[in-house]
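Chains as they are written, first to last, in this note's numbering: chain G, 10 to 310; chain H, 329 to 660.
Reading through the structure tokens given below for one structure.
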Amino acid sequence: MNIKKKSSVVLFILLAAFILESQERTIKDDLGFAFEIKSPPQRIISLAPNITETLFALGLGEKVVGVTRYCDFPEEAMKKEKIGGIVDPSLEKIIALKADLIIGFRGNPLPTIERLRNLNLPVFVLDAGTTIESTLSIVKKIGTVTHAEKRAELFIDSLRERYERIVAALRSVTEEPKVFLSLHGSGLWTCGKESFLDDLVKKARGVNIAGTIPRKWLNYNREHLIHEDPEVIIILAGSKQDFLKTKKWIKSEAHLEGTKAVDADRIYFMDENLATRQGPRLIEALEELARLLHPHCFEKE
Amino acid sequence: MKARSKRLTLLAVLLFLFISGFLLSLLGGPVETSPGDLFDFFFHNLNDPTLRKIFIDIRLSRALLAFLVGASLSLSGAILQGYFQNPMAGPFVVGVSSGASFGAVLCIYLGLNVRFFGFSLQSLFAFASGFAIVFLVYLLSQRKSVFKVETLLLTGIAAGALASALTSFLIFFKSENFEQAVFWLLGSFKLADWNQIIAVFPYFLLCFALAQWLAKDMNLLVQGDEIAQSLGCPVNRVRKTFLAVSTLLAASSVSVSGIIGFVGLVVPHWIRILIGPNHRHLFFFSALTGGVFLVYSDFLARTLLSPTELPIGIITAAVGAPFFIYLLNQSR
Numbered sequence: 010m011n012i013k014k015k016s017s018v019v020l021f022i023l024l025a026a027f028i029l030e031s032q033e034r035t036i037k038d039d040l041g042f043a044f045e046i047k048s049p050p051q052r053i054i055s056l057a058p059n060i061t062e063t064l065f066a067l068g069l070g071e072k073v074v075g076v077t078r079y080c081d082f083p084e085e086a087m088k089k090e091k092i093g094g095i096v097d098p099s100l101e102k103i104i105a106l107k108a109d110l111i112i113g114f115r116g117n118p119l120p121t122i123e124r125l126r127n128l129n130l131p132v133f134v135l136d137a138g139t140t141i142e143s144t145l146s147i148v149k150k151i152g153t154v155t156h157a158e159k160r161a162e163l164f165i166d167s168l169r170e171r172y173e174r175i176v177a178a179l180r181s182v183t184e185e186p187k188v189f190l191s192l193h194g195s196g197l198w199t200c201g202k203e204s205f206l207d208d209l210v211k212k213a214r215g216v217n218i219a220g221t222i223p224r225k226w227l228n229y230n231r232e233h234l235i236h237e238d239p240e241v242i243i244i245l246a247g248s249k250q251d252f253l254k255t256k257k258w259i260k261s262e263a264h265l266e267g268t269k270a271v272d273a274d275r276i277y278f279m280d281e282n283l284a285t286r287q288g289p290r291l292i293e294a295l296e297e298l299a300r301l302l303h304p305h306c307f308e309k310e
Numbered sequence: 329m330k331a332r333s334k335r336l337t338l339l340a341v342l343l344f345l346f347i348s349g350f351l352l353s354l355l356g357g358p359v360e361t362s363p364g365d366l367f368d369f370f371f372h373n374l375n376d377p378t379l380r381k382i383f384i385d386i387r388l389s390r391a392l393l394a395f396l397v398g399a400s401l402s403l404s405g406a407i408l409q410g411y412f413q414n415p416m417a418g419p420f421v422v423g424v425s426s427g428a429s430f431g432a433v434l435c436i437y438l439g440l441n442v443r444f445f446g447f448s449l450q451s452l453f454a455f456a457s458g459f460a461i462v463f464l465v466y467l468l469s470q471r472k473s474v475f476k477v478e479t480l481l482l483t484g485i486a487a488g489a490l491a492s493a494l495t496s497f498l499i500f501f502k503s504e505n506f507e508q509a510v511f512w513l514l515g516s517f518k519l520a521d522w523n524q525i526i527a528v529f530p531y532f533l534l535c536f537a538l539a540q541w542l543a544k545d546m547n548l549l550v551q552g553d554e555i556a557q558s559l560g561c562p563v564n565r566v567r568k569t570f571l572a573v574s575t576l577l578a579a580s581s582v583s584v585s586g587i588i589g590f591v592g593l594v595v596p597h598w599i600r601i602l603i604g605p606n607h608r609h610l611f612f613f614s615a616l617t618g619g620v621f622l623v624y625s626d627f628l629a630r631t632l633l634s635p636t637e638l639p640i641g642i643i644t645a646a647v648g649a650p651f652f653i654y655l656l657n658q659s660r
């Protein structure tokens with residue numbers, strides 16, 4: 010057999026293997042259920058905003074037929090049919106949209122997911138870990154299940170590159186400021202060790218003062234807050250207006266006058282939709298937070 | 329004769345409401361469907377997978393489960409009001425509901441999410457712990473072999489409060505499962521399916537049959553235990569059976585739908601006001617009315633703010649309470 014023939018045989022085998030593989034593959038979702046990947050999905054329902062954002066980022070926006078009422082990014086997502094909320098999606102709406110792929114996320118109640126599965130609907134659930142890196146695995150898995158692996162890989166590379174640039178910029182940091190993250194407007198709601206926001210603060214080279222508490226979300230104790238004396242307070246709010254309201258509340262009613270953050274007026278705003286969704290924009294949030302905590306590291310640019 | 333025609337009228341009204349309630353439930357929902365769609369589905373298009381899922385798996389199963397749970401809770405309430413001779417008694421006073429929801433929330437907390445033959449472990453936990461707490465209360469209130477009904481009632485209330493406290497503690501501790509826990513505390517048929525109907529139906533049937541069979545003994549019991557005894561009613565055995573039956577009804581209801589308040593308290597009252605205290609009719613009409621009442625309540629709960637759903641407990645109390653007060657005033 011000459012080389013030409015040989016190589017064409019090899020090529021043929023590879024091609025056949027590729028076709029076979031691309032037609033019949035099963036992957037496990039994060040709840041451990043096997044999901045059969047057949048042809049590329051044409052009608053996708055997203056059950057969480059971070060999933061919607063990832064789908065659009067991968068150029069699959071046109072295939073999305075249903076989103077939650079919280080899916081507001083990118084703007085085109087708001088034009089899609091609403092299937093309800095994250096914790097209360099409407100089963101009927103989901104059925105009526107005749108999707109060939111329904112992507113759920115950790116925040117969706119398990120009984121609801123189970124009910125969808127019992128109705129023989131193609132559900133694929135993601136439950137990423139609590140680090141920024143795990144966000145990239147969400148992108149990867151969505152890429153696999155939607156037949157957009159190549160695009161996902163390129164996208165992940167660009168995200169990783171951006172991430173490395175932030176890490177490099179922060180290399181000169183010697184002192185990590187104590188940070189208090191305020192969620193949900195008034196009240197001292199914050200995130201503990203088990204939340205990915207804790208990792209976000211860590212990666213931005215700060216110390217989350219509630220990061221020792223083994224919880225995801227918790228209402229922080231006012232005494233502790235005064236005792237820990239944070240140097241920076243980050244308020245995650247839906248709008249500038251909400252931010253100002255919460256800032257006023259923290260300064261006056263939470264009795265935090267005298268803490269370092271209040272005295273130095275290091276109380277900053279971050280868009281809650283940017284930071285609290287475990288999607289591709291989390292890298293953007295990381296950069297924003299890093300710039301707030303260590304502005305000098307980014308001055309040279 | 330007058331009482332009989334009253335009952336027949338009530339039966340006719342209830343049957344009409346029953347049928348129209350089911351039709352409403354089949355037609356109403358976040359996905360728009362017309363009567364034409366429904367007609368088309370049943371007579372021409374029974375195999376359309378999407379319509380089948382929406383009409384049969386979602387809406388019909390939901391309405392049926394609401395009916396069964398409403399009937400169970402009302403029957404349970406009717407039995408307990410006779411049992412305690414106390415109009416404040418309802419299916420939840422002996423601690424069964426708090427016990428059951430504690431079991432369910434504990435299961436959520438432990439992260440157990442397994443199914444056995446279609447029953448979720450949560451339901452089994454709810455059922456078992458609801459039953460266990462009543463059994464415990466019964467043993468506790470039976471000291472020195474003297475059994476007092478008041479002691480049972482009070483021990484039940486105390487044990488229920490303890491179970492509620494433990495439930496709140498678990499919810500507080502694991503706030504990310506809050507949403508699931510609320511389901512058990514406020515009640516909902518959001519996730520109704522045929523498995524749940526299959527799970528509840530046998531209990532209801534058995535309990536309903538037992539209650540009808542022992543109804544004449546209940547008529548004697550309400551005249552006082554001594555009189556009942558002297559008239560040949562085996563008081564102890566009957567009491568035990570009634571307690572078991574009402575607990576079984578309430579625990580099986582809570583295990584599929586969470587705690588739905590007010591139905592079991594109010595419906596038996598309505599019926600007593602309307603048709604009098606004979607338990608043979610009281611049991612039957614309470615079950616039927618309770619079922620119909622929950623079918624309508626669930627319909628309102630899921631359509632008022634569609635696609636968002638209200639907890640059904642809000643509806644049962646908001647609709648039931650004013651009507652109840654009106655009836656009380658009328659009967660005076």
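In this text, a Cβ means the ideal position worked out from N, Cα and C, and glycines have one as well.
Please read all numbers here as calculations on a predicted model, not as lab measurements.
Residue environment analysis places S48 of chain G among the exposed positions, since fewer than 16 neighbouring C-beta atoms fall within 10 angstroms of its C-beta. Scanning the stretch 521-552 of chain H for uninterrupted alpha helix (DSSP H) segments of 4 residues or longer gives 522-549, listed from N- to C-terminal end. From the beta-carbon of T378 of chain H, the residues of chain G found nearer than 8 angstroms are I104, A105 and K107. One finds G93, G94 and D97 in chain G with Cβ atoms closer than 8 angstroms to the Cβ of T636 of chain H, taken in chain order. Secondary structure in the stretch 203-290 of chain G: the alpha helix (DSSP H) runs of 4 residues or longer, each lying completely within the stretch, are 205-212, 231-237, 249-261, 269-272 and 281-284 in chain order. Taking the Cα positions, S558 of chain H is about 29 angstroms away from L534 of chain H.
Residues of the stretch 331-359 of chain H with a C-beta atom less than 7 angstroms from some C-beta of chain G are G357, P358 and V359, listed in chain order. Within chain G, the residues whose beta carbon sits less than 7 angstroms from that of D521 of chain H are R124 and N127, listed in sequence order.
Between H607 of chain H and A543 of chain H, the C-beta spacing is below 8 angstroms. Contact with chain H is found for E101 of chain G, since one of that chain's Cβ atoms lies less than 8 angstroms from the residue's Cβ. Residue range V591 to I603 is occupied by the alpha helix (DSSP H) that includes L602 of chain H. Contact annotation for D553 of chain H against chain G: no contact, minimum CB-CB distance about 45 angstroms [criterion: below 9 angstroms]. What I384 of chain H touches in chain G, judged by beta-carbon distance under 8 angstroms, is nothing: the nearest beta carbon there is about 11 angstroms away. Contact between G113 of chain G and V132 of chain G holds: their C-beta atoms lie close to 6 angstroms from each other, under 8 angstroms. At least one beta carbon of chain H lies nearer than 8 angstroms to the beta carbon of P120 of chain G. In this structure, the straight-line span from the alpha carbon of S425 of chain H to that of V477 of chain H is close to 19 angstroms. Taken in chain order, the complete beta strand (DSSP E) segments of 3 residues or longer contained in the stretch 101-131 of chain G are 110-114. For G515 of chain H, the closest alpha carbon among the candidates H:S581, H:F350, H:L549 and H:A527 is that of H:S581. If you draw a 10 Å sphere on the C-beta of N59 of chain G, you find 16 or more other C-beta atoms in it, and that means buried. Distance from the Cα of F420 of chain H is smallest, within the candidate group H:S625, H:V433, H:L403 and H:I603, for H:L403.
According to the DSSP secondary-structure assignment, V73 of chain G is paired through a beta bridge with G:I53.
Residue state for A137 of chain G is assigned as coil, using DSSP reduced to three classes. Residue nearest to R286 of chain G within the set G:H156, G:N230, G:A57 and G:L197 is G:A57 (criterion: CA-CA distance). Counting C-beta pairs with one atom in each stretch, the stretch 254-262 of chain G and the stretch 226-233 of chain G have fewer than three that are closer than 8 angstroms, which means they do not touch. For A340 of chain H, the closest alpha carbon among the candidates H:Y654, H:D626, H:L638 and H:V620 is that of H:V620.
Within chain G, no residue has its CB atom less than 7 angstroms from the CB of K476 of chain H, the nearest being about 41 angstroms off.
If you look at K187 of chain G, you'll find it in the beta strand (DSSP E) that goes K187 to S191. In the DSSP assignment, C200 of chain G falls within the beta strand (DSSP E) that extends over W198 to C200. Taking 4 residues as the minimum length, the alpha helix (DSSP H) runs contained wholly in the stretch 383-466 of chain H are 389-412 and 424-437, in order along the chain.
Straight-line measurement puts the Cα of K202 of chain G at about 42 angstroms from the Cα of F463 of chain H. Identification of chain G residues near K381 of chain H by a Cβ-Cβ cut-off of 7 angstroms yields I104 and L128, ordered along the chain. With a 10 Å radius around the Cβ and a threshold of 16 neighbouring Cβ atoms, P304 of chain G comes out exposed. Sequence-distant Cβ neighbours of G648 of chain H in its own chain, meaning closer than 6 angstroms and more than five residues away, are F590 and V594. DSSP, reduced to helix, strand and coil, places E478 of chain H within a helical segment of the structure shown.
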